[in-house]
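If you're matching positions, the sequence shown starts at 1 in the UniProt record's numbering and goes up one per residue.
For each residue, glycine too, the CB sits at the ideal point set by N, CA and C.
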Amino acid sequence: MASCEVCGNDYRLSFEVHAAGAVHVFDSFECAIHAMAPVCEHCGVKVVGHGVEADGVFFCCASCARMHGGPESAAQLVDHAGRAPDER
């Protein structure tokens with residue numbers, strides 16, 4: 001058993017996440033998300049899904065990227081949001 005680095009729970013089904021040359025131990029996805037998920041630059045929520053990333057800046061959705069007025073490349077990534085693929 002290994003202890004979760006977020007909550008300290010010693011759990012027989014804990015798991016390791018290998019990222020950026022480091023090894024992290026968690027007892028749940030909730031703790032892993034708490035520790036590792038990026039945060040939206042506009043609204044502050046944890047980015048758990050795909051989100052939008054540009055120039056190292058993360059947003060939870062295209063709407064936040066637009067409202068934040070983020071990097072030019074973020075605006076370019078979301079210019080076609082909501083349109084059908086043949087309309088892009």
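Reduced DSSP secondary structure (H/G/I, E/B, other) of residue 63
If DSSP states are grouped into helix, strand and coil, residue 63 belongs with the helices.
Could you check what DSSP says for residue 88 in three-state terms: helix, strand or coil?
Any reading at residue 88 needs caution, since the residue's pLDDT is 47, under 50, leaving its predicted position unreliable; the model's value is listed next. Residue state, collapsed to three classes: coil.
By alpha-carbon positions, which one of 67, 28, 13 and 61 ends up nearest to residue 6?
For the residues 67, 28, 13 and 61, the minimum Cα distance to residue 6 belongs to 28.
State the DSSP-derived secondary structure class of residue 54, mapped to helix, strand or coil.
Collapsing the DSSP output to three states places residue 54 in a strand.
Could you tell me the alpha carbon to alpha carbon distance between residue 62 and residue 32, rounded to whole angstroms?
If I take the Cα positions, the gap works out to 24 angstroms.
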